[in-house]
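**Student:** In the UniProt record's numbering, the protein residues as written are 1 to 202. Quick one: the structure is below, questions incoming.
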C-alpha cells in the first residue's frame with residue numbers, strides 16, 4: 001500500500017470546504033440525505049484514531065419524522081425546530097463497556113484487561129474518545145459535501161432512556177444535524193484567535 005498521500009497537503013479548496021469556509025448551520029434546505037450518505041459518513045469517521053482503537057461511539061440517526069419528533073421533544077425549545085427541519089440528526093453516544101469489544105478491535109494484546117474493574121476510567125476514556133469521533137463525524141460530513149449543526153441543549157437522561165433503551169450502558173454525548181445548510185441561518189463568523197494567543201512552542 002502506497003504512502004504517497006502523505007507527501008502533499010490537501011488542495012486549498014478542500015481545506016476551505018472542511019475548515020475555513022465551513023460553518024455550523026441553524027437551518028436547513030429541503031433536500032434529503034440518503035442512507036448511502038449516512039453510511040459514507042460513518043465509513044470515514046471510523047478511520048480516525050481512538051485510544052487502543054476502542055471505537056466507543058454509538059450513533060443513532062434520527063431520520064424518520066417520528067424519531068426526529070421524539071428527539072425534538074427531549075431538546076431545548078431553541079434546538080427543537082432545528083432538529084425537525086434537518087434531514088437527519090445523529091445522536092452521538094458512548095459505550096461505557098467499550099472494552100468488551102477490544103479483543104477484536106485491538107487484537108495485538110489483552111487490552112480488555114486494562115479497563116476491567118475501572119468503570120470510572122472507562123467513562124472518562126469513552127467520553128473523550130467519543131468526542132474525538134464526533135469531531136471526525138463533522139469533518140467526514142463536510143468532506144462529503146454536507147453541512148453540520150452540532151448541538152448540546154438536550155436532556156441527556158431522557159434521550160438515553162428513549163434512544164438507547166436496548167443499550168443501557170450507552171450515554172449520549174452530543175447531537176449533530178446533517179444536511180444542506182440554509183445560508184440565511186448562520187451568523188457572522190465568530191473570532192478565531194491568532195496562534196500566539198493560546199499556543200506556545202517550547
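C-beta: ideal position from N, C-alpha, C; glycine also. Remember, predicted model here, so these are calculated numbers, not experimental data.
Would you kindly work out how many angstroms separate the C-alpha atoms of residue 19 and residue 169, rounded to a whole number?
**Tutor:** So the two alpha carbons sit approximately 34 Å from each other.
**Student:** Could you pull out every residue in the same chain whose Cβ sits closer than 6 Å to the Cβ of residue 60, ignoring the five residues on either side in sequence?
**Tutor:** Closer than 6 Å at Cβ, skipping near neighbours: 91 and 163.
**Student:** Assuming residue 150 and residue 176 are in contact, meaning their beta carbons sit under 8 Å apart, how far apart are those beta carbons, in whole angstroms?
**Tutor:** Right, the Cβ-Cβ distance comes to about 4 Å (below 8 Å), so this counts as a contact.
**Student:** Cβ of residue 71 within 8 Å of Cβ of residue 89?
**Tutor:** For residue 71 and residue 89, yes; Cβs fall inside 8 Å.
**Student:** Looking at C-alpha atoms only, which residue of 42, 50 and 27 is the closest neighbour of residue 131?
**Tutor:** Among 42, 50 and 27, the Cα nearest to that of residue 131 is on 50.
**Student:** State whether the region 107-120 contacts the region 136-149, with contact taken as three or more CB pairs (one from each stretch) at a distance under 8 Å.
**Tutor:** Because the criterion of three Cβ pairs below 8 Å is not met, the region 107-120 and the region 136-149 do not touch.
**Student:** Whether or not the region 54-68 and the region 15-31 are in contact is what I'm after, with contact meaning three or more pairs of Cβ atoms, one per stretch, closer than 8 Å; do they touch?
**Tutor:** As far as the Cβ criterion goes, the region 15-31 does not touch the region 54-68, which means the pair count is below three.
**Student:** Measuring CA to CA, which of 9, 86 and 80 is closest to residue 31?
**Tutor:** Closest option to residue 31, Cα to Cα, is 86.
**Student:** I need the DSSP call for residue 136, collapsed to helix, strand or coil.
**Tutor:** Residue 136: helix per DSSP, three-state reduction.
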